[in-house]
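*Asks:* These protein sequence lines map, in sequence, to chains A and B.
Mind the numbering: the first sequence is residues 1 to 450 in the working numbering, read in order.
Mind the numbering: the second sequence is residues 1 to 249 in the working numbering, read in order.
Have a look at this one before I ask anything.
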Amino acid sequence: MAANEFQQHALSVADSQQANAAFAERRAIAAERFAATAWPGRKTEAWKYTSLRSLQELTEASFAEQAKAIELPEAVKAVDSYRLVFVDGVFQADLSGDLPEFACRFSEANAEQKAFINEKLGTVVATQTESARNLFSYLNDAWLHDGVLLHLPRGASLNKPLYLVYVSTSEAANATLAHQRLLVWLEDNSQANVIEHYLSESVASNDDDVSSLTNGITEIHVGQNAQLHHTRLNLEDEAHTHIGGVHLALSRDSVAKCFALGEGGRLKRIDYQISHNGPGAELIMHGAYLARNKQLIDYHTCIEHREPHCNSLEVIRGIVGDKAKAVFNGRIHIHQDAQKTLAELHNRNLLTSNGAEVDTKPELEIYADDVKCAHGATVSQLDETALYYLQSRGIEAAEARMLLSYGFVNEVLSQLPYQPLLESLQVRLRARFIDEARKSAAEKLIGESA
Amino acid sequence: MLQIRELVASVEGKQILNGLSLDIKPGEVHAIMGPNGAGKSTLGNVLTGREGYEVISGEVLFNGEDMLALDIEERARAGLFLAFQYPVEIPGVSNMEFLKAAVDARRSHMKQEELSSFDFMKLAREASKKVSLDAAFLKRGVNEGFSGGEKKRNEILQMMMLEPSLCVLDETDSGLDIDALQVVADGVNAMRDSERSFIVVTHYQRLLDYIIPDYVHVLANGRIVKSGDKELARELEAKGYGWLEGEVA
Ligand SMILES: Nc1ncnc2c1ncn2[C@@H]1O[C@H](COP(=O)(O)OP(=O)(O)OP(=O)(O)O)[C@@H](O)[C@H]1O
Ligand SMILES: [Mg+2]
């Protein structure tokens, strides 16, 4: 099948870049796979509710040559961490700190690390078969140049979180394509906290601006009895598209706690592919997605229970307002050998306007007979009785609506263990929800007078 | 303070209040008793302006002003407070945030300065002590996982913080043990003064031993069918509502 215009363009830009020679072969193979994968359409299951049509507008987009000088938000600076900053996909040394001995950028890796990266990339979750689901992993491979490796030896504990800050600054005039890669390898009994924080430098005002694309792929191996805390914040603005994924493999008796937040953006599609590869592994995932205006946010999570005695708990909430749309697809696949599995998936959605839409689909596939599974998905509106209660205390209607939306997501948010980030998000979300409530009140007034 | 004249109101097309009149002067405490489904909570909801409660005729004057023309939150800021029969849980919003938003709204209406966080916390802690709620409750979600009695005490806590001029207590005593009842009554009594008025809706005369009312009314079929002093409550306790059948019909 012939690649479409976007596919061709993305590959030709990848080709024109100066590339890390260590990855030449991987790039070439991935480029072929990417070109050979049929572009997803409505009939492609993995992309059924999310159209990629807008990517065709990126056929002029290029890559950033240099990292712009930007100012980091105070909350980012306040997190005590090993911080690495990338701007429009390019490493920004001035804003980054020293790395721990267990970590390096791909471009600075020594021979041993290069060999390790080449050996492990793409192995956490098998993505070799050509499929629409892995399309953007191929593209990421085809662009491979820089990236970050964290490789913790047996028994080691990272004393501060590894904090990756990915800033996009693109404006309509020069849309960029940025590809980010993170490989985390936790050997047995080790422990680490990792934060990935995607944000935009300036808030775009016009949602019809040409969108830039970030493609962030993260692969994490959690060794036996190892512990991971992983946070991924996708807070890019209106003019931005993010398509990416987190691949996570859990070994025997390991524990992974994940936190995911998606807010704003023209199009966001994040795929979590998680695999319990050893008995006794545990996954706890909390997440929220918040879409408004004409945004589209799509989270796909897929948990493979391959071994017995593993647990997974997934709590995901969404708030969708204006004419925005959210998609949530939560798949749990319990293989035949995965006896004594405990799996729970809870997805609750709040629609704050009539024009908002959510497509939620929990998918349970169970082949073992001795398992406990619970799943539920709900879609509801703001609770009228609670609104009345707040207003009866003198709280203005818009503020009451804000408080209810805020409370709904704050329950999940409070799982975030980084106080400066939590506080700045709480402020940001309050401002966002009050703005949304005022806007919808104004529209209602106009509607009534018309 | 409050004048209700010939109030007729309906819920979901069903007429519940059938020409209710009540006159409350500053500093007075009025108890309202009456059978289940008589319209006691409906009266509270109509007074606060809850959506879905439609006033068909009659008028309500609050400090001489047409109260029915005001929004829910405007009535509250003007000094009306309803302690809910069934307080609402709002997970994810702390009691503290909720109280702060309410107090800020009331103070800005009264052209008072916004309280600093420090002063506000101090007030909130004092008030929670008065209603015997541990200060930890201020950090929890609004009413989230509170027991029935804790929810009722939380209503009184809000009332203390907001310092309303007219307080409507809808069965705040129901389901309370004697200690909690004492706490609620002490809270109310501490707030009684020559300016502030109360409407106390209850099924139990017992509460009125603690909060001595100036008047007791019987509400039945959406109207006040009998009024008297605190002795009327004793009579009702002893005889029930049956003997008022004539008036009720
Ligand atoms: N939202 C509503 N929708 C439908 N009917 C309602 C609604 N609210 C009240 N009613 C009806 O109005 C009538 C009066 O109810 P209300 O709650 O005012 O009674 P009450 O006197 O407070 O009773 P109780 O002592 O049991 O609390 C009842 O028949 C009730 O079913
Ligand atoms: Mg009632």
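We treat Cβ as the ideally placed atom computed from N, Cα and C, and that holds for glycine.
Just so we're clear, the structure is a prediction, and the values are computed from it rather than from any experiment.
(1) Starting from the beta carbon of Val93(B), find every residue of chain A whose beta carbon is closer than 8 Å, and list them in chain order.
(2) Which complete beta strand (DSSP E) runs does the segment 141 to 190 of chain A hold, if anything under 3 residues is left out?
(3) Ser254(A): which of Tyr272(A), Ala239(A), Ile220(A) sits nearest, CA to CA?
(4) What's the call for Thr50(A), buried or exposed, on a 16-neighbour Cβ count within 10 Å?
(5) May I ask you to list, following chain order, the residues of the segment 391 to 402 of chain A that have a beta carbon less than 9 Å from some beta carbon of chain B?
(6) Rounding to the nearest angstrom, what Cα-Cα distance links Asp207(A) and Lys325(A) in this structure?
(7) Identify whether Phe198(B) lies in helix, strand or coil by the three-state DSSP scheme.
(8) Which one of Ser200(A), Cys373(A), Arg181(A) has the shortest CA to CA distance from Gln339(A)?
(9) Whose Cβ in chain A lies nearer than 8 Å to the Cβ of Arg77(B)?
(10) Taking buried to mean at least 16 other C-beta atoms within 10 Å of its own C-beta, is Val203(A) buried or exposed?
(11) In three-state DSSP terms, what is Gly447(A)?
(12) Grouping DSSP H, G and I as helix and E and B as strand, with all else coil, what is Val203(A)?
(13) Residues of the segment 376 to 387 of chain A in Cβ contact with chain D at a cutoff of 9 Å, in chain order, please.
(14) Looking only at its own chain, which residues have a Cβ that is under 8 Å from the Cβ of Glu195(B), when we skip the five neighbours before and after it?
(15) Short of 6 Å in beta carbon distance, which residues of its chain neighbour Phe136(A), apart from the five on each side in sequence? Order them along the chain.
(16) Who are the neighbours of Gln315(B) on chain A, taking C-beta pairs under 7 Å?
(17) Using the Cβ count rule (16 or more neighbours within 10 Å means buried), how would you classify Phe6(A)?
(18) Kindly list the residues whose CB is nearer than 7 Å to the CB of Ala135(B), restricted to its own chain and excluding five residues on each side of it in sequence; keep chain order.
(19) Which residue comes first and which comes last in the alpha helix (DSSP H) that contains Ser405(A)?
(20) Glu314(A) bridges to which residues according to DSSP?
(21) Would you identify the three-state DSSP class for Val222(A), choosing helix, strand or coil?
(22) Please report whether the beta-carbon of Glu12(B) lies at a distance below 8 Å from any beta-carbon of chain A.
(23) Between which two residues does the alpha helix (DSSP H) containing Gln391(A) stretch?
(24) Would you say Tyr289(A) faces chain B, with C-beta separation under 8 Å as the test?
(25) Rounded to whole angstroms, what's the CA-CA distance from Asp337(A) to Gly376(A)? Just pull it up for me.
(26) Quick one: measure Cβ to Cβ for Glu363(A) and Glu314(A), integer angstroms, because I've assumed they're closer than 8 Å.
(27) Go ahead and label Gly37(B) buried or exposed: buried means 16 or more other beta carbons lie within 10 angstroms of its beta carbon, across all protein chains shown.
(28) Determine the direct distance from the alpha carbon of Thr360(A) to that of Arg510(A), and round the result to whole angstroms.
(29) Which residues in chain B have a C-beta closer than 7 Å to the C-beta of Tyr163(A)? List them in chain order.
(30) CB-CB under 6 Å to Leu7(B), same chain, minus the five flanking residues each way: which ones, in chain order?
(31) Is the CB-CB distance between Lys257(A) and Asp298(A) below 8 Å?
(32) Compare the Cα-Cα distances from Val46(B) to each of Ala31(B), Val29(B), Asp186(B), Phe81(B) and report the closest residue.
(33) Excluding the 5 residues preceding and the 5 following Pro91(B) in the sequence, name in chain order all residues of the same chain whose CB lies nearer than 7 Å to its CB.
(34) Straight-line CA distance for Ala305(A) to Leu133(B)?
(35) Can you give the Cα-Cα distance for Glu282(A) and His309(A), rounded to whole angstroms?
(36) So is Ala105(B) in contact with chain A if we call contact Cβ pairs under 8 Å?
*Replies:* The short version:
(1) Leu403, Leu404, Tyr406, Gly407, Asn410
(2) 148 to 152, 162 to 168, 177 to 186
(3) Ile220(A)
(4) buried
(5) Gln391, Ser392, Arg393, Gly394, Ile395, Glu396, Ala397, Glu399, Ala400
(6) Confidence is the limiting factor: at Asp207(A) the pLDDT is only 49, short of 50, which leaves the residue's position unreliable, though a coordinate-based value still follows. Approximately 15 Å between the Cα atoms of the pair.
(7) strand
(8) Cys373(A)
(9) Gly394
(10) Confidence at Val203(A) is low in this model, with a pLDDT of 48, below 50, so its placement is unreliable and the value that follows should be read with caution. Per the 10 Å Cβ criterion, exposed.
(11) helix
(12) Legend: pLDDT at Val203(A) = 48, less than 50; position of this residue unreliable, value from coordinates given subsequently. Val203(A) falls in the coil class under three-state DSSP.
(13) Protein chains in the displayed structure are A and B, and chain D is not among them.
(14) Pro26, Gly27, Ser165
(15) Asn215, Ile243
(16) This structure cannot settle anything about residue 315(B), because the visible part of chain B is limited to 1 through 249.
(17) buried
(18) Arg125, Ser128
(19) 397 to 413
(20) Met285(A), Leu345(A)
(21) strand
(22) no
(23) 384 to 391
(24) no
(25) 24 Å
(26) Going by Cβ atoms, the distance from Glu363(A) to Glu314(A) rounds to 12 Å, so no, they are not a contact pair.
(27) exposed
(28) Any question about residue 510(A) goes unanswered here, given that chain A covers just 1 to 450.
(29) Near Tyr163(A) there are no residues of chain B at all, since even the closest Cβ is about 26 Å away, more than 7 Å.
(30) Leu17, Leu20, Gly58
(31) no
(32) Phe81(B)
(33) Gly141, Glu144
(34) One point to set straight first is that residue 305(A) is His, not Ala, in the sequence displayed. One C-alpha to the other measures close to 46 Å.
(35) 9 Å
(36) yes
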